[in-house]
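Inspection log for the structure reproduced underneath, given as structure tokens.
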Amino acid sequence: MVLTVLRDFNSHHMVFLLWLNFESMTKQVAQIYCTGEVLRQVQMAKLFDDDKYFVDMKLTTAPEVVVEAFANLSSGFPNKTIPSSELQKFLQTYFEEPGKEFEQWTPPDWHSKPTFLSRVSDSKYRSWAEELHSLWKSLGRKIRDDVRDHPELYSQIYTPHPVVVPGGRFRELYYWLVFLFFRDSYWVINGLLLSEMTETARGMILNFVYLVERYGFVPNGGRVYYERRSQPPFLPLMVESFYEVTGDKDFLRQVLPALETEYSFWMQNRSLAVAMSGLTHILNRYNVPVDRPRPESYSDDVELAEGLSKKLWIELTSGAESGWDFSSRWYIDSTGRNNGTLSDTQTSSILPADLNAIMCRNERLLASFHRILGNEEEAVEYEKALSARIKVVESLLWDAERGAWFDFSLVNETRHLSFYPSNLAPLWAQCYSNPEMANQAVQYLMGSGGLDYPNGVPTSLSESGQQWDMPNAWPPLQHMIIEGLSRLDSAHAKELAFRLAERWIQTNWRAYIKYEYDVNGDGKPGGGGEYEVQVLMVCSYLHIQIHKSASELGVILISRGIRGLTSMVIG
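Just add 587 to wherever you are in the sequence shown, counting from 1, and you've got the working numbering.
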């Protein structure tokens, strides 16, 4: 196969967009929370257990005053390096601890008896579901008006509607969070809708629309240091879930322009045109052109890249944009193989199966939304984009011999054949043209080794020490596989979906009973990566209802994000 990269769409347009993003906050704020000497010295001094702590702190005075005070202080020390003790004093004077930006908020549409509870027949599971449902009241937050009135004092990005936060290390709104960010919120919103909290769900979606209107895309999270990267684009799926419950065409009409704006961002800034067999196709990838350490993981990034190219920081930030931060999935070693260590991360050199499956599903949804609103011409255009994507996904990512879709390496123009649940993402997104492909994918899953564990499908079969690898299992990935299988017109696939869902809910139940989260045979928290998983409330709102009849299987997995949909050890 001969593949030629014809055009990288992530070029001048993105540079201009990044310039606009920097203009959205003062230069001084950027020099505190995103780059500059204050950030570098504080983070490299390792004053806190977690680098995120500092960049979430609130300023006590105008940022230009803080920058000037820091410059004056540093001038009195050799090499302008401030001792840790003096840095501590400086922070006590000019910063306040994190958390000042939020106030507690109880969702007014919460009520104690949503309908789904009555459909849970097992008394212990119903009691568990009631406890989980009650947690919505403790995770609601409203951004204080002071953030809106004095944005120069905060790294927090103001959004107008209250939010449900993950908790623990993650104090702000995230995109896919279980997954921990934008995407996380997709499962949060599905949980809210299951709990009949439609107004809270509406507000969260409108927050994302607000961010798209401001930035042109949804940032990774609600902090200024996340302004330069996004996460898997789940906003259209959030709107789909909301519309399925409410049938609100006015809301659909209101948010559709933002969905199209976000789609354009991904097509203009996160895509490649490639030539194969005389044809030109476009696929998407994660690629964040920021060659500096991530502020929230600054010291780790600096130490990892010591003696290496700054391009590693681009790859790490791109990996964070994927939501799989981090994983052997993004490794490409010096021989071009999918192997190595974290320093071999080359996220931008990989065309991911799951990202393109999500884009495929989004194109189908945008066509559907336009058709619902009577916009037939626009619907046809998105259907053309969908057809083109299915064709290139099948040409580049589908492996007919193995019966699955695989990430494609731009380095050696080959598919990465290791097992990841993302290999089944096109099944979930229905991004294929021939039903036989779905049957082949089921057979692939059966023989992949991914079903050999008692507590769930592992994120990979590689024990790299990273969070998005063996032995951890992540709820969104379980959901995608189970939902994909349950949609097939196959009794075998539906039965497999049922067994996986049953296994996963039992794992969560055992974990909840033992720790309020855990997973390894007897349930134990997942591990590895950049931070500790949360244990106290990490029961990713997995209300899982399984309805089984002679001819039908419906599986609803609803997760409520506490950074977790935290990972579990699958044992």
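Here a beta-carbon is modelled for each residue, glycine too, at the ideal position from N, C-alpha and C.
Note that the C-beta distance between Asn-871 and Trp-853 is below 8 Å.
Within the model, the alpha-carbon separation for Glu-814 versus Ser-705 is close to 42 Å. Residue pairing by DSSP puts Lys-729 in a beta bridge opposite Glu-690.
When the beta-carbon positions are compared, Leu-973 and Pro-823 stay at least 8 Å from each other. A straight-line Cα-Cα distance of about 34 Å links Phe-635 and Thr-787. Here Pro-1008 is near Thr-1046, since their CB atoms are less than 8 Å apart. When the five nearest sequence neighbours on each side are left out, the beta carbons in the same chain lying within less than 7 Å of the beta carbon of Thr-833 are those of Thr-785, in order along the chain.
Counting along the chain, no alpha helix (DSSP H) covers Asn-871; the unbroken beta strand (DSSP E) around it starts and ends at 866 to 871. Rounded to the nearest angstrom, the Cβ distance from Phe-829 to Tyr-773 is 11 Å, too far for a contact under 8 Å. Inter-residue distance for Ser-708 and Met-825 is about 28 Å (C-alpha atoms, whole angstroms). The Cβ-Cβ distance between Leu-929 and Gln-1054 does not fall below 8 Å.
Per the Cβ contact rule, the region 909 to 927 is not in contact with the region 839 to 846 (fewer than 3 Cβ pairs under 8 Å). The Cβ atoms of Ala-1080 and Val-1029 lie closer than 8 Å to each other.
Runs of the beta strand (DSSP E) lying entirely within the region 886 to 937 and spanning at least 3 residues: none are present. Taking C-beta separations shorter than 8 Å and ignoring five residues to either side along the sequence, the partners of Tyr-812 in its chain run Tyr-620, Cys-621, Val-642, Ser-742, Arg-881, Pro-882 and Glu-883, following chain order. By the Cβ criterion, the region 979 to 989 is in contact with the region 1000 to 1020, since at least three pairs of Cβ atoms, one from each stretch, lie closer than 8 Å.
Taking 8 Å as the cut-off, the beta carbon of Asp-994 is found closer than this to the beta carbon of Pro-939. In this structure, the beta-carbon distance from Ile-730 to Lys-836 does not fall below 8 Å.
A Cβ-Cβ contact shorter than 8 Å links Val-625 with Phe-657.
Proximity to Lys-687 across Ser-714, Phe-795, Arg-1074 and Met-644 peaks at Met-644, based on C-alpha coordinates. Under the Cβ criterion (8 Å, minimum of three pairs), the region 795 to 809 does not count as touching the region 861 to 870. For the pair Val-799 and Thr-746, the CB atoms are not nearer than the 8 Å cut-off.
Around the Cβ of Phe-804, a 10 Å sphere holds 16 or more other Cβ atoms; the residue is buried.
In the structure shown, Gly-808 falls within a strand segment according to DSSP collapsed to helix, strand and coil.
Look at Asp-638 here: in three-state DSSP terms it is helix.
Taking 8 Å as the cut-off, the beta carbon of Arg-1090 is found closer than this to the beta carbon of Gly-1043. With fewer than 16 other beta carbons inside 10 angstroms of its own, Gln-691 counts as exposed. Bridge pairing for Asp-986: Ala-991 [DSSP].
In the assembly as shown, Ile-776 is a buried residue. Its beta-carbon has 16 or more other beta-carbons within 10 Å. Residue range 785 to 802 is occupied by the alpha helix (DSSP H) that includes Ile-792. Counting along the chain, the unbroken alpha helix (DSSP H) around Phe-677 starts and ends at 671 to 681. The beta carbon of Ala-907 sits closer than 7 Å to those of Asn-807, Arg-816 and Arg-881, all from its chain and outside the five residues before and after it, given in chain order.
Around the beta carbon of Val-652, fewer than 16 other beta carbons lie within 10 angstroms, which makes this residue exposed. Here DSSP, grouped into helix, strand and coil, assigns Leu-973 to helix. Cβ-Cβ distances below 8 Å link Lys-724 to Thr-693, Pro-694 and Trp-697 in the same chain, with the five nearest sequence neighbours on each side left out; the list follows chain order.
Using a 10 angstroms sphere on the CB of Leu-1004, the tally of other CB atoms stays under 16, which defines it as exposed.
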